[in-house]
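Residue 179 in numbering that gives the first Met the number 0 sits at position 180 of the sequence shown, and the numbers go up by one each step. For glycine and all other residues, C-beta sits at the position ideal for the given N, C-alpha and C. No experiment lies behind these values; they were computed from the predicted model shown.
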Amino acid sequence: MLPNQITAQQEISLQAREDLLLLPNVAQLTRWVNSQSTDNKTLPYFDPLDGGVFARVLILLESPARTVSRPRYVSRDNPGPAQRNLKGFMEQAGLARQETVLWNLYPWLPNLEKTKGALRRAQIDEGIEMLITLLPRFPDLVTVVFAGRVAQQAMPRIRLAFPDFELLEMPHPSPLSVCTHPSVRQRILSALFHAKQSVE
Numbered sequence: 000m001l002p003n004q005i006t007a008q009q010e011i012s013l014q015a016r017e018d019l020l021l022l023p024n025v026a027q028l029t030r031w032v033n034s035q036s037t038d039n040k041t042l043p044y045f046d047p048l049d050g051g052v053f054a055r056v057l058i059l060l061e062s063p064a065r066t067v068s069r070p071r072y073v074s075r076d077n078p079g080p081a082q083r084n085l086k087g088f089m090e091q092a093g094l095a096r097q098e099t100v101l102w103n104l105y106p107w108l109p110n111l112e113k114t115k116g117a118l119r120r121a122q123i124d125e126g127i128e129m130l131i132t133l134l135p136r137f138p139d140l141v142t143v144v145f146a147g148r149v150a151q152q153a154m155p156r157i158r159l160a161f162p163d164f165e166l167l168e169m170p171h172p173s174p175l176s177v178c179t180h181p182s183v184r185q186r187i188l189s190a191l192f193h194a195k196q197s198v199e
C-alpha cells in the first residue's frame, strides 16, 4: 500500500505507522534516521503517509514537540496544536499529501529530563548542516517552505547549496503565531498556495 492509495476514510494511528516504515517512499529515509540516531540523540521518523523521497515540497519547522510517545514521527497528524493548524492550512491550500514531506531545522527529539529553552546558535548550525546532507535524498524536490523565524535562519545556506530550489517563507503555524495578527493566517496560506503552484 502506497500513501496515495490511502483514502481519507482510512484512519491509521501514529502507532500503526511503524508497520509502514519500509514502504518504498520512506525505506531509505527510515534507514537514514536509524543510522543518525544514537543512545544520546534520537531522530523522529518521516511520516510514511507523506511523500517521502518522492516529495516535491519540504516544509521545514523548528523542532520536535516535547512528548513521551514512541515511536515519534514528523507528522501533520501529531496531536500538537501547531501540527493541527498546519494540517488544516495544507488542506485549504490543496497541497497534496504525497507531494510533501515535513522536517525540523533542529530535528533531534528533546531530552525530557531537561527544561525546554530556546535553541542555541550551535544547535541551529548543527541542524543546518544535517539539512544540507539530507536534502539530496529527495531527488524530485522543487520547493522548501521555511516555517517560522528559526527555520528561516537556514535560508541563506540552503540558497547557496541548492540554487535551483524555490525557497519560500511563512509564519510558524503555532496558535501563538497565528493569533498575533489576522494577516498571519493569510501569509501561511499564501506560501502554501505558492508551494502548490510550484509543483503543478
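Counting only residues of its own chain and dropping the five nearest sequence neighbours on each side, E90 has no CB closer than 8 Å to any other CB. Beyond the five residues adjoining it in sequence on each side, W31 comes within less than 8 Å, by CB distance, of L133 and R136 in the same chain, given in chain order.
Cβ neighbours of P63 within its own chain (closer than 8 Å, five residues either side excluded): P43, R71, V73, N103, P106, W107, L108 and P109. Within 10 angstroms of the beta-carbon of E98 lie 16 or more other beta-carbons, which makes it buried. According to the DSSP assignment, T132 belongs to no beta strand (DSSP E) but to the alpha helix (DSSP H) extending over R120 to L133.
For the region 126-190, the full-length alpha helix (DSSP H) segments reaching 4 residues or more read 148-151, 154-160 and 174-177 along the chain. According to DSSP, residue pairing for T99 in a beta bridge involves V56. Non-local C-beta neighbours of G93 in its own chain, meaning closer than 7 Å and more than five positions away in sequence, comprise K195, ordered along the chain.
Put simply, the backbone Cα of S12 is about 18 Å away from that of G87. In the structure shown, V73 falls within a strand segment according to DSSP collapsed to helix, strand and coil. Straight across, the Cα-Cα distance linking I127 with A15 is about 31 Å.
Judged by their CB atoms, P174 and P80 are nearer to each other than the 7 Å cut-off. Taking the Cα positions, C178 is about 16 Å away from R148.
Sorting L22, H171, D38 and T37 by C-alpha distance to the C-alpha of F45 places L22 at the top. Pairing L28 with H171, the inter-Cα distance amounts to about 25 Å. DSSP links F45 through a beta bridge to V73. For the set L118, R186, E165 and L19, the Cα lying nearest the Cα of L57 is the one of E165. The beta carbon of V25 is closer than 6 Å to those of F45, P47 and G51 in its chain, skipping five residues each way along the sequence. Under the 10 Å beta carbon count, E61 is surrounded by 16 or more other beta carbons and is classified as buried. The alpha carbon of A150 has as its nearest neighbour, out of Q122, P162, P138 and R83, the alpha carbon of Q122. Closest in alpha carbon position to L59, among D163, K40, K115 and M169, is M169.
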